[in-house]
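**Student:**
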Amino acid sequence: MSDGARVRLDRWLWAARFFKTRALAAAAIGGGKVEVGGARAKRAKLLAVGDRLRIRRGPFEYIVVVRALSEHRGPPGAAAALYVEDAEGKRLREHLAEQLRVAPSLRYEGKGRPTKRERRAIEKLRGE
340 MSDGARVRLD RWLWAARFFK TRALAAAAIG GGKVEVGGAR AKRAKLLAVG
390 DRLRIRRGPF EYIVVVRALS EHRGPPGAAA ALYVEDAEGK RLREHLAEQL
440 RVAPSLRYEG KGRPTKRERR AIEKLRGE
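In terms of the working numbering, the sequence shown opens at residue 340 and continues consecutively.
1. From ALA419 to ARG395, what distance separates their C-alpha atoms?
2. Counting Cβ pairs, one atom from each stretch, are 3 or more of them under 8 Å apart for the segment 433-445 and the segment 455-462?
3. Just checking my contact of GLU374 with ALA365 at CB under 8 Å: how many whole Å lie between their CB atoms?
4. Which residues bound the beta strand (DSSP E) around ARG393?
5. Apply the 10 Å Cβ neighbour rule to LYS450 and answer buried if 16 or more other Cβ atoms are within range, or exposed otherwise.
6. Based on the DSSP secondary-structure assignment, which residues constitute the bridge partners of ALA378?
7. With the cut-off set at 8 Å, would you say ARG412 and TRP351 are in Cβ contact?
8. Per DSSP, what kind of secondary structure is VAL404 in: helix, strand or coil?
9. Does ARG440 pass the burial test, meaning 16 or more other C-beta atoms within 10 Å, or should it be called exposed?
10. Hey, how far is the Cα of TYR422 from the Cα of ALA355?
11. Looking at the unbroken beta strand (DSSP E) that takes in VAL423, where does it start and where does it end?
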């Protein structure tokens, strides 16, 4: 970890384990899913310690402050030391995760292939 230098945004997101590959990090940045200081950033943006990031991954949003810089991907414990997460953002994300866990998954009736249970019910109706 280097504290005096600056690191590219895509490399830091990869090193901090927000994305599995730099290509995925670059795609998210290009798609506007990552903001630095409240503004959309480019993947070559140089991060400094203290920068505030907003990262959207699927339905979840992470709000973090850069605590340390690294260009190298390390173990998860070292990656977690690179940033500190906003308490309010973490609480909202956990609440959303709980809502998604409790909510029933939507299945569009009459669309696509029937499930095994539905197929058996159809066969029973047909007398097969």
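Cβ coordinates follow ideal geometry from the N, Cα and C atoms, glycine included.
**Tutor:** Reading it off the structure:
1. 17 Å
2. No, they do not touch.
3. In fact, because the Cβ distance is near 15 Å, the residues do not count as touching under 8 Å.
4. 391-396
5. exposed
6. DSSP, once it has assigned bridges, lists VAL375 as partnering ALA378.
7. Their beta carbons are not under 8 Å apart, which means ARG412 does not touch TRP351 by this criterion.
8. strand
9. exposed
10. Looking at the backbone, the Cα of TYR422 and that of ALA355 are separated by about 8 Å.
11. 422-424
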